[in-house]
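Residue numbers (our numbering): 22 to 571.
Structure, as structure tokens:
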Amino acid sequence: MDNLKLAELLFPHITKTTEYYEEKYPPRNLPEGARVTRIAPSPTGYLHIGALYGAVTDERTAHLTNGVFYLRIEDTDSKREVSGAADLFITMFEKYGMKFDEGAVSGGDKGDYGPYRQSERTEIYQTFAKQLIAEGKAYPCFCTDTEIEKIRNEQEAAGENPGYYGKWAVWRDAEIEKVEQALAEKKPFVVRLRSTGDPSKRVKLTDAIKGDLEFPQNNQDFVILKSDGTPPYHFAHAIDDHLMRTTHVVRGEEWLATLPWHVELFAALGFKRPVFCHTANIMKLDNGSKRKISKRKDPEADVAMFLREGYPQSALIEYVLTLLNSNFEDWRRANPTADKNEFPFSFKKMGVSGPLFDFEKLYDICKDVVSRMDAETVYENVVAWTAEYDPEFNAVLTKDPQYAKDILSIGRGGSKPRKDFGLWKEVREYMGFFYNELFAPEYCFPENLAKEDIIAVLEKYPSVFDENDDQQQWFEKLKTVASSIGFAADTKEYKKNPDAFKGHVGDIAMMLRVALTGKQVSPDTFAVIRILGKDEMTNRLKKCIDSIKG
RNA sequence: GGCCCGUUAGUCAAGCGGUUAAGACACGGCCCUUUCACGGCUGGGGCAGCAGUUCGAUUCUGCUACGGGUCACCA
22 MDNLKLAELL FPHITKTTEY YEEKYPPRNL PEGARVTRIA PSPTGYLHIG
72 ALYGAVTDER TAHLTNGVFY LRIEDTDSKR EVSGAADLFI TMFEKYGMKF
122 DEGAVSGGDK GDYGPYRQSE RTEIYQTFAK QLIAEGKAYP CFCTDTEIEK
172 IRNEQEAAGE NPGYYGKWAV WRDAEIEKVE QALAEKKPFV VRLRSTGDPS
222 KRVKLTDAIK GDLEFPQNNQ DFVILKSDGT PPYHFAHAID DHLMRTTHVV
272 RGEEWLATLP WHVELFAALG FKRPVFCHTA NIMKLDNGSK RKISKRKDPE
322 ADVAMFLREG YPQSALIEYV LTLLNSNFED WRRANPTADK NEFPFSFKKM
372 GVSGPLFDFE KLYDICKDVV SRMDAETVYE NVVAWTAEYD PEFNAVLTKD
422 PQYAKDILSI GRGGSKPRKD FGLWKEVREY MGFFYNELFA PEYCFPENLA
472 KEDIIAVLEK YPSVFDENDD QQQWFEKLKT VASSIGFAAD TKEYKKNPDA
522 FKGHVGDIAM MLRVALTGKQ VSPDTFAVIR ILGKDEMTNR LKKCIDSIKG
């Protein structure tokens with residue numbers, strides 16, 4: 022009776038009932054086994070690699086079961102909110118192929134279980150809080166910060182657990198008159214759960230990733246409504262995941278510590294608990310020891326960094342997948358061309374301890390992923406990347422798309438494709454020399470080659486070259502050139518008897534390579550010449566000769 | 001400190017009472033080869049420690065050590 026009065030006193034403006042919302046957001050009509058997951062980022066800055074890690078888990082879980090994957094923005098803490106962060110998240114997730122079935126997607130809310138921004142759900146939270154108060158399961162607390170601090174100090178001095186609970190919970194059993202008076206004085210208040218837990222008893226549950234878990238029951242009268250009327254994470258989580266009918270809550274293991282709170286909350290609210298899936302956090306090595314990768318200290322934690330550095334999006338996702346389900350690698354080797362979404366992702370395969378982020382491994386995957394793409398796809402990606410991060414190269418590239426694609430086709434396809442680069446930013450260095458505007462050769466020849474020989478070869482070469490030659494014929498001619506100036510036509514011959522020759526046919530190829538590309542390392546020289554064309558080849562040889570002669 | 005989670009090579013990891021303890025990245029060597037890359041072969045390197053259960057423990061139990069997380073009107 023008193024409780025009802027108290028509820029009215031505190032929330033006179035709340036007129037809807039919890040039943041109203043239960044009806045408004047009915048259980049979803051989904052096929053057997055379909056899972057509903059969500060990612061619920063807090064818009065406090067940039068997109069963190071850990072968020073992507075969790076997102077992949079959610080997305081795969083939902084879509085492998087024909088379920089629903091949605092995006093909820095947890096923006097209840099206006100103090101920490103960074104403007105534009107929510108939109109940034111949305112576009113970033115979309116860039117990485119996260120397709121949301123529902124939620125706060127770009128262009129506004131989509132789906133029947135919204136609003137999907139917590140800042141727009143205040144009335145819902147208050148309705149449930151009011152209900153809890155009416156049932157005697159929650160109560161207002163008018164303690165100031167200093168009073169709370171005083172309690173903590175006393176607890177510390179007495180060697181007792183800190184917190185607002187039991188005998189320390191001074192407003193827990195306050196008379197309604199006292200509340201009325203505080204209200205009349207316009208004192209701010211929070212709403213706290215009236216915990217019925219007993220820490221000497223245990224709460225047991227099974228986590229989809231961690232397995233069987235056991236904790237002492239919660240006895241903290243934690244806050245469920247802040248003094249500004251908005252909920253902290255715990256309460257919003259319980260209400261939202263219930264009303265949005267989430268079946269699997271995937272989140273970082275830092276939430277394990279407050280799991281008993283959530284267990285008690287779901288029970289108090291009369292909600293069925295979702296399946297909890299606590300993921301290990303990605304770690305990094307810092308001074309020889311592991312630690313959780315952090316937004317503040319680690320620039321590599323920002324997913325935008327991976328974009329900027331030109332890591333192919335699909336490669337990052339594949340790397341994340343290997344961290345998540347280590348058998349992904351085996352699967353990929355067995356199914357090199359399959360879409361990664363065909364991989365049978367599973368909670369059972371998820372590791373329980375935090376993996377170190379390994380850039381070398383990521384890079385290897387990048388090279389692999391890129392090598393599997395056709396020239397067209399590589400071209401599109403490079404154009405997209407350079408448009409944003411290297412406009413100069415972009416202009417050069419897009420001037421003649423076919424020319425660029427011809428270059429990118431070198432060594433592509435077949436069972437053993439070349440793996441020349443893994444990052445989009447490496448492409449300029451890789452193929453820039455094909456373009457005169459970027460061709461700035463230094464002509465660094467191997468030291469064992471004599472200037473006279475180089476000049477002789479470069480001068481002679483155009484006369485033997487025939488555009489119609491195939492690779493075989495082309496190489497035969499190189500051998501002829503080699504022989505004519507005292508180099509071995511056959512490499513094995515040379516190795517058998519190195520003193521009899523100045524060098525071997527490989528050296529001749531190197532002379533051409535350096536003259537044409539300005540580098541000692543390049544794609545196949547024959548392919549380079551084919552693309553450059555005879556005229557440009559001749560020009561470059563001439564240019565090189567002039568340079569050597571000084 | 002309390003509570004919780006974890007610990008297989010430099011890294012990611014299979015393993016689920018009896019295995020010569022997979023595989024991948026990185027590293028060394030060899031082969032292929034007109035450079036490089038690719039590919040192939042090959043090498044080094046590992047169950048944190050100590051008890052217990054057991055005929056037998058990487059696998060089960062306990063303790064220790066180490067690492068991580070959390071103890072807010074932040075998520």
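All C-beta atoms in this analysis are idealised placements derived from N, C-alpha and C, irrespective of residue type, glycine included.
Quantities reported herein were computed from a predicted structural model and do not represent experimental measurements.
Check your understanding: What is the C-beta distance between Q541 and R534, in whole angstroms, given that I count them as a contact (C-beta under 8 Å)?
Key -> The residue labelled residue 541 in the question sits at position 520 within the first sequence. The residue labelled residue 534 in the question sits at position 513 within the first sequence. Your pair Q541 and R534 checks out as a contact, with CB atoms roughly 7 Å apart and the cut at 8 Å.
Check your understanding: Taking DSSP as the reference, what is the three-state secondary structure of V236?
Key -> Along the first sequence, one-based indexing puts residue 236 at 215. In the sequence on display, residue 236 carries Phe and not Val. Look at F236 here: in three-state DSSP terms it is strand.
Point to revise | Closest by C-alpha distance to A509, when choosing among D490, D491, Q492, A530 | key: By 1-based counting over the first sequence, the position of residue 509 is 488. Taking only the C-alpha atoms, the option nearest A509 is A530.
Exercise for review: Tell me where the beta strand (DSSP E) around R59 begins and ends.
Suggested key: What you label residue 59 is simply residue 38 of the first sequence in a count that begins at 1. Start and end: 57 to 60.
Review point. Cα separation between N362 and P281?
Key: The residue given as residue 362 occupies position 341 in the first sequence. The residue given as residue 281 occupies position 260 in the first sequence. Distance between the alpha carbons of N362 and P281 is about 35 Å.
Review point. What runs of the beta strand (DSSP E), each 3 residues or longer, lie entirely inside the region 246 to 271?
Key: As far as the region 246 to 271 is concerned, it has no whole beta strand (DSSP E) run of at least 3 residues.
**Study point:** Option in S374, G372, V390 with minimal Cα separation from S335
**Key:** As a working mapping, residue 335 is identified with position 314 in the first sequence. When each option's Cα is compared against that of S335, the closest is V390.
Exercise for review: Could you pull the start and end residues of the beta strand (DSSP E) that T227 belongs to?
Suggested key: Within the first sequence, the letter at position 206 stands for residue 227. 223 to 228 is the extent of the beta strand (DSSP E) around T227.
Check your understanding: If you compare alpha carbons, which of A83, H258, D441, Y464 is closest to M532?
Key -> Residue numbering aside, residue 532 sits at position 511 when the first sequence is read from its first letter. Of the candidates A83, H258, D441, Y464, the one whose C-alpha sits nearest the C-alpha of M532 is Y464.
Exercise for review: Flag this pair as yes or no: are the beta carbons of I145 and Y42 separated by less than 8 Å?
Suggested key: On the first sequence, position 124 is the one that residue 145 refers to. On the first sequence, position 21 is the one that residue 42 refers to. With contacts defined by Cβ atoms closer than 8 Å, I145 and Y42 form a contacting pair.
Review point. From F327 to E321, what distance separates their C-alpha atoms?
Key: Counting from 1 along the first sequence, the entry for residue 327 is found at position 306. Counting from 1 along the first sequence, the entry for residue 321 is found at position 300. Using only the alpha carbons, I get a separation of about 8 Å.
Review point. At what residues does the alpha helix (DSSP H) containing A355 begin and finish?
Key: The residue given as residue 355 occupies position 334 in the first sequence. Boundaries of the alpha helix (DSSP H) around A355: 349 to 355.
Check your understanding: Which residues mark the beginning and the end of the beta strand (DSSP E) in which M371 is found?
Key -> For the purposes of this step, residue 371 is taken as residue 350 along the first sequence, with counting starting at 1. Counting along the chain, M371 falls outside any beta strand (DSSP E), and DSSP gives it neither H nor E.
**Study point:** Inter-residue spacing [alpha-carbon to alpha-carbon] between F455 and M113
**Key:** By one-based count along the first sequence, residue 455 stands at place 434. By one-based count along the first sequence, residue 113 stands at place 92. Answer to the nearest angstrom: the Cα atoms are 33 Å apart.
Exercise for review: Mind checking which residues open and close the beta strand (DSSP E) that includes P161?
Suggested key: Residue 161 sits at position 140 when you count from the first residue of the first sequence. 159 to 162 is the span of the beta strand (DSSP E), which, as asked, contains P161.
**Study point:** Buried versus exposed, by CB contacts within 10 Å (16 or more), F377
**Key:** In the first sequence, the residue the question calls residue 377 occupies position 356. In the sequence as displayed, the identity of residue 377 is Leu instead of Phe. In summary, L377 is exposed, with fewer than 16 beta-carbon neighbours lying within 10 Å of its beta-carbon over all protein chains present.
Review point. Mind checking L537: buried by the 16 CB within 10 Å criterion, or exposed?
Key: Numbered from its first residue, the first sequence carries residue 537 at position 516. Buried, since its Cβ has 16 or more Cβ neighbours within 10 Å.
Exercise for review: Alpha carbon to alpha carbon, how far is A278 from T82? Give it in angstroms, no decimals.
Suggested key: Position 61 of the first sequence, counted from the start, is the residue given in the question as residue 82. Position 257 of the first sequence, counted from the start, is the residue given in the question as residue 278. Their Cα atoms are separated by approximately 24 Å.
Review point. Between the C-alpha atoms of E409 and R101, what's the straight-line distance to the nearest angstrom?
Key: As a working mapping, residue 409 is identified with position 388 in the first sequence. As a working mapping, residue 101 is identified with position 80 in the first sequence. Taking the straight line joining both Cα atoms gives about 29 Å.
Practice item. Assign K151 to one of two classes, buried (16 or more other C-beta atoms within 10 Å of its C-beta) or exposed (fewer than that). Key: To locate residue 151, count along the first sequence from 1; it is residue 130. In this structure K151 is buried. Its beta-carbon is surrounded by 16 or more other beta-carbon atoms within 10 angstroms.
Check your understanding: Expressed to the nearest angstrom, what Euclidean distance is found between the alpha-carbon atoms of A503 and V526?
Key -> Looking up residue 503 in the first sequence gives position 482. Looking up residue 526 in the first sequence gives position 505. Each residue's Cα considered, the two are about 5 Å apart.
**Study point:** Distance, L153 Cα to K207 Cα
**Key:** The sequence position of residue 207 within the first sequence is 186, counting from 1. The sequence position of residue 153 within the first sequence is 132, counting from 1. Cα-Cα distance, rounded: 22 Å.
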